[in-house]
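> In order, the protein sequence lines correspond to chains A and B. Each residue of the first sequence is one higher than the last, beginning at 270 in our numbering. Each residue of the second sequence is one higher than the last, beginning at 270 in our numbering. In this text, a Cβ means the ideal position worked out from N, Cα and C, and glycines have one as well. Starting off with a structure, shown below.
There are 2 protein chains.
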Amino acid sequence: MSDTVTVHGFSPSGNCHKVRLLLEQLGRPYRWVETRSDQGATRTPAFLALNPNAKVPVLVREDGAVLTESNAMLCWLAEGSAFLPADAWARAQALSWMFFEQYSHEPYVAVARFICGWTPLDSPRRADLPRLRERAHAALAVMERHLASHAWFTGEAYGIADIALFAYTAVADEGGVSLARYPAINDWLARVRGTPRFIGLPDNDADVRARLAASA
Amino acid sequence: MSDTVTVHGFSPSGNCHKVRLLLEQLGRPYRWVETRSDQGATRTPAFLALNPNAKVPVLVREDGAVLTESNAMLCWLAEGSAFLPADAWARAQALSWMFFEQYSHEPYVAVARFICGWTPLDSPRRADLPRLRERAHAALAVMERHLASHAWFTGEAYGIADIALFAYTAVADEGGVSLARYPAINDWLARVRGTPRFIGLPDNDADVRARLAASA
Numbered sequence: 270m271s272d273t274v275t276v277h278g279f280s281p282s283g284n285c286h287k288v289r290l291l292l293e294q295l296g297r298p299y300r301w302v303e304t305r306s307d308q309g310a311t312r313t314p315a316f317l318a319l320n321p322n323a324k325v326p327v328l329v330r331e332d333g334a335v336l337t338e339s340n341a342m343l344c345w346l347a348e349g350s351a352f353l354p355a356d357a358w359a360r361a362q363a364l365s366w367m368f369f370e371q372y373s374h375e376p377y378v379a380v381a382r383f384i385c386g387w388t389p390l391d392s393p394r395r396a397d398l399p400r401l402r403e404r405a406h407a408a409l410a411v412m413e414r415h416l417a418s419h420a421w422f423t424g425e426a427y428g429i430a431d432i433a434l435f436a437y438t439a440v441a442d443e444g445g446v447s448l449a450r451y452p453a454i455n456d457w458l459a460r461v462r463g464t465p466r467f468i469g470l471p472d473n474d475a476d477v478r479a480r481l482a483a484s485a
Numbered sequence: 270m271s272d273t274v275t276v277h278g279f280s281p282s283g284n285c286h287k288v289r290l291l292l293e294q295l296g297r298p299y300r301w302v303e304t305r306s307d308q309g310a311t312r313t314p315a316f317l318a319l320n321p322n323a324k325v326p327v328l329v330r331e332d333g334a335v336l337t338e339s340n341a342m343l344c345w346l347a348e349g350s351a352f353l354p355a356d357a358w359a360r361a362q363a364l365s366w367m368f369f370e371q372y373s374h375e376p377y378v379a380v381a382r383f384i385c386g387w388t389p390l391d392s393p394r395r396a397d398l399p400r401l402r403e404r405a406h407a408a409l410a411v412m413e414r415h416l417a418s419h420a421w422f423t424g425e426a427y428g429i430a431d432i433a434l435f436a437y438t439a440v441a442d443e444g445g446v447s448l449a450r451y452p453a454i455n456d457w458l459a460r461v462r463g464t465p466r467f468i469g470l471p472d473n474d475a476d477v478r479a480r481l482a483a484s485a
């Protein structure tokens, strides 16, 4: 597990940022190949040979072996570290939150943000925003309830379920999903930002900022 | 890990059936609490106390500890068994397919089936079917490509990624998603059905069968 992995990722993507954040916090060297999924870079024959599902991130080991799905990467990278408990029940709880993230959170919180910042202002997809925001708030309410009595999502300590849920929650407001009514989530976001070697998502470029401002 | 778990589940649900199939194949005793999610049974205060995300299945240990998310249950139940490899990379590959299942497969294959069989024939949700079926076929094409050169999804042997993907793939046609063009998937479905102690989904009741027939 000590080789230098290569991550093909799009920096503004929360799914990609998760993997970078864990690699930074593990202090593990890696190569990053910027992949503009917003400009069709995941639809080229070379990329589809890596991931037929046409999504970033993709992790490649030095021996060429490939791993897809951001949360599977978090599990593999965190194996044996403090970011993933050894106890089977605690691991299952971390996984439960990570499946929650991919099924009940990301398709609403992340997709609302993507539509606001990365699609044209006249995109027909913008008609989906009210429904997406309603579902986003339902997911945030589940998180708020947990965080009212727990400091973290991965059992007793900060770990990969926190990393998975942090990525898009931290920028939910970019999709028009305000965090104002979730005090426990805001406290947790601050705790995550205070962990050693934390790095946030990069600033959005000017075009994205303009679309986000026009979507508010 | 030897206590008798209780599973709150809706029998026709593939997500619930996954858990039952693994429990049967492990030969592990369990209690099943039938929970009619199609009739609001996951929205009661008692159920929301178990799972604030209002979804089945929910697994409860004898000591009252609760686990949500079907694929997290598969991981926990399979720990230490032949259904989940011990090797970290092989486990990550199984998880990758399970995240694929929840993000790229279930929201299309399972939701198309649910709309056809469990919503009224005049439901406005039926307008989503063409888009859902298109995405369902994209997911099946990714599976077909893998199965063209691999017998299973969990590395070298049948395991929990196969169980996770089998559940809704086996009944994809009920959502109007034909498997006719996927020979490798059909061969794999037959291999899964041939594993020891396999059990299939229960037969649909008459109302569901009538709606499915009218949706074809």
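(1) Could you tell me the distance, in whole angstroms, from the CA atom of HIS286(B) to the CA atom of LEU470(B)?
(2) What does a CB cutoff of less than 8 Å around VAL411(B) pick up in its chain, not counting 5 residues either side in sequence?
(3) Taking a Cβ distance cut-off of 9 Å, strictly less, list which residues of the stretch 356-374 of chain A are near chain B, in chain order.
(4) Return the residue from the list GLY444(B), VAL461(B) and GLU425(B) that minimises the CA-CA distance to GLN362(B).
(5) Is it buried or exposed for LEU481(A), if we count other Cβ within 10 angstroms and need 16 for buried?
(6) Hey, could you find the ends of the beta strand (DSSP E) LEU336(B) is sitting in?
(7) Mind listing the chain A neighbours of VAL276(B)? Cutoff is C-beta to C-beta under 9 Å, in chain order.
(8) Does the Cβ-Cβ distance between ILE429(B) and THR438(B) come in under 8 Å?
(9) Does the beta-carbon of ARG360(B) have 16 or more other beta-carbons within 10 angstroms, so that it is buried, or is it exposed?
(10) Ordered along the chain, which non-local residues of its own chain (more than five positions away) have a Cβ less than 6 Å from that of LEU291(A)?
(11) Give me the chain C residues within the contact set of PRO321(B), using Cβ-Cβ distance strictly less than 9 Å, ordered along the chain.
(12) Residues of the stretch 330-345 of chain A in Cβ contact with chain B at a cutoff of 9 Å, in chain order, please.
(13) Kindly list the residues whose CB is nearer than 6 Å to the CB of LEU328(B), restricted to its own chain and excluding five residues on each side of it in sequence; keep chain order.
(14) Leaving out five residues on either side along the sequence, give the residues of the same chain with a beta carbon under 6 Å from the beta carbon of SER306(A).
(15) Between the alpha carbons of GLY296(B) and ALA459(B), how many angstroms are there, rounded?
(16) What residue does the alpha helix (DSSP H) around GLU413(B) start on, and which one ends it?
(17) With HIS277(B) as the anchor, note down where its beta strand (DSSP E) starts and where it stops.
(18) Quick one: what's got a C-beta closer than 8 Å to ARG300(A)'s C-beta in the same chain, skipping five residues either side?
(19) With C-beta atoms as the reference, is CYS385(A) less than 8 Å away from GLY463(A)?
(20) Would you kindly work out how many angstroms separate the C-alpha atoms of ILE468(A) and ALA485(B), rounded to a whole number?
(21) Which first and last residues belong to the beta strand (DSSP E) in which TYR299(A) is found?
(22) Under 8 Å, do LEU416(B) and TYR377(B) count as touching if we go by C-beta distance?
(23) Look at the alpha carbon of VAL288(B) and the alpha carbon of ALA436(A), and state the distance between them as a whole number of angstroms.
(24) Chain A partners of GLU348(B), CB-CB under 9 Å?
(25) Which residue's Cα is closest to the Cα of GLN371(B): GLY333(A), GLU338(A) and LEU317(A)?
(26) Assuming contact is defined by CB atoms lying nearer than 8 Å, are ALA475(B) and LEU390(B) in contact in what I supplied?
(27) Once the 5 residues before and after TRP457(B) are set aside, which same chain residues still bring their CB inside 7 Å of it?
(28) So for VAL329(B), helix, strand or coil by DSSP?
(29) What whole-angstrom Cβ distance do TYR451(A) and GLU413(A) have, given they're in contact under 8 Å?
Taking the definition as stated:
(1) On the second sequence, residue 286(B) is found 17 positions in, with the first residue counted as 1. On the second sequence, residue 470(B) is found 201 positions in, with the first residue counted as 1. Going by the C-alpha atoms only, they are around 7 Å apart.
(2) Taking the first residue of the second sequence as position 1, residue 411(B) is located at position 142. The answer, listed in chain order, is PHE369 and SER373.
(3) ALA357, TRP358, ARG360, ALA361, GLN362, ALA363, LEU364, SER365, TRP366, MET367, PHE368, PHE369, GLN371, TYR372 and SER373
(4) On the second sequence, residue 362(B) is found 93 positions in, with the first residue counted as 1. The option with the nearest alpha carbon to GLN362(B) is GLU425(B).
(5) Counting from one through the first sequence, the residue named residue 481(A) turns up at place 212. Looking at its Cβ environment, which holds 16 or more other Cβ atoms inside 10 Å, LEU481(A) is buried.
(6) Reading the second sequence from its first residue, position 67 is the one you call residue 336(B). Residues 335-337.
(7) In the second sequence, counting from the first residue as 1, residue 276(B) sits at position 7. Result: empty, since nearest Cβ-Cβ is about 14 Å, beyond 9 Å.
(8) Walking along the second sequence from the start, residue 429(B) turns up at place 160. Walking along the second sequence from the start, residue 438(B) turns up at place 169. No; because the gap between Cβ atoms is not below 8 Å, this pair is not in contact.
(9) Here residue 360(B) refers to the residue found at position 91 of the second sequence. The residue in question, ARG360(B), is buried, as its Cβ has 16 or more Cβ neighbours within 10 Å.
(10) If you number the first sequence from 1, residue 291(A) lands on position 22. So the list reads LEU343, LEU346 and ILE432, once near-sequence residues are dropped.
(11) Protein chains A and B are contained in the structure displayed, whereas chain C is not.
(12) ARG330, ALA334, LEU336, THR337, GLU338, SER339, ASN340, ALA341, MET342, CYS344 and TRP345
(13) Here residue 328(B) corresponds to residue number 59 of the second sequence, with the count starting at 1. Excluding positions up to five away in sequence, the list reads VAL274, VAL276, LEU336 and MET342.
(14) The residue you call residue 306(A) lines up with position 37 of the first sequence. Answer for SER306(A): PHE279 and VAL325, listed in chain order.
(15) As a first step, residue 296(B) must be located in the second sequence, where it is residue number 27. As a first step, residue 459(B) must be located in the second sequence, where it is residue number 190. Whole-angstrom Cα-Cα distance: 21 Å.
(16) To locate residue 413(B), count along the second sequence from 1; it is residue 144. Run containing GLU413(B): 398-416, per the alpha helix (DSSP H) assignment.
(17) Residue numbering aside, residue 277(B) sits at position 8 when the second sequence is read from its first letter. Its beta strand (DSSP E) spans residues 274-278.
(18) Reading the first sequence from its first residue, position 31 is the one you call residue 300(A). These residues qualify, in order along the chain: THR273, VAL274, THR275 and VAL276.
(19) Your numbering for residue 385(A) matches position 116 in the first sequence. Your numbering for residue 463(A) matches position 194 in the first sequence. Taking 8 Å as the Cβ cut-off, CYS385(A) and GLY463(A) do not qualify as a contacting pair.
(20) As a first step, residue 468(A) must be located in the first sequence, where it is residue number 199. As a first step, residue 485(B) must be located in the second sequence, where it is residue number 216. Straight-line Cα distance between these residues: approximately 51 Å.
(21) Along the first sequence, one-based indexing puts residue 299(A) at 30. Taken as a continuous stretch (DSSP letters only), the beta strand (DSSP E) holding TYR299(A) covers 299-303.
(22) If you number the second sequence from 1, residue 416(B) lands on position 147. If you number the second sequence from 1, residue 377(B) lands on position 108. Not closer than 8 Å, so no.
(23) As a working mapping, residue 288(B) is identified with position 19 in the second sequence. As a working mapping, residue 436(A) is identified with position 167 in the first sequence. Computed Cα separation, rounded: 29 Å.
(24) Reading the second sequence from its first residue, position 79 is the one you call residue 348(B). Within 9 Å Cβ-Cβ: ALA357, ARG360 and ALA361.
(25) The residue you call residue 371(B) lines up with position 102 of the second sequence. If we check each option's Cα against that of GLN371(B), GLU338(A) comes out closest.
(26) Within the second sequence, residue 475(B) is the residue found at index 206, counting from 1. Within the second sequence, residue 390(B) is the residue found at index 121, counting from 1. Going by C-beta atoms, ALA475(B) is not nearer than 8 Å to LEU390(B).
(27) Locating residue 457(B) in the second sequence gives position 188, counting from the first residue. Excluding sequence neighbours, TRP457(B) sits near LEU416.
(28) Position 60 of the second sequence, counted from the first residue, corresponds to residue 329(B). Strand, per DSSP.
(29) Within the first sequence, the letter at position 182 stands for residue 451(A). Within the first sequence, the letter at position 144 stands for residue 413(A). TYR451(A) to GLU413(A), Cβ: 5 Å. Contact.
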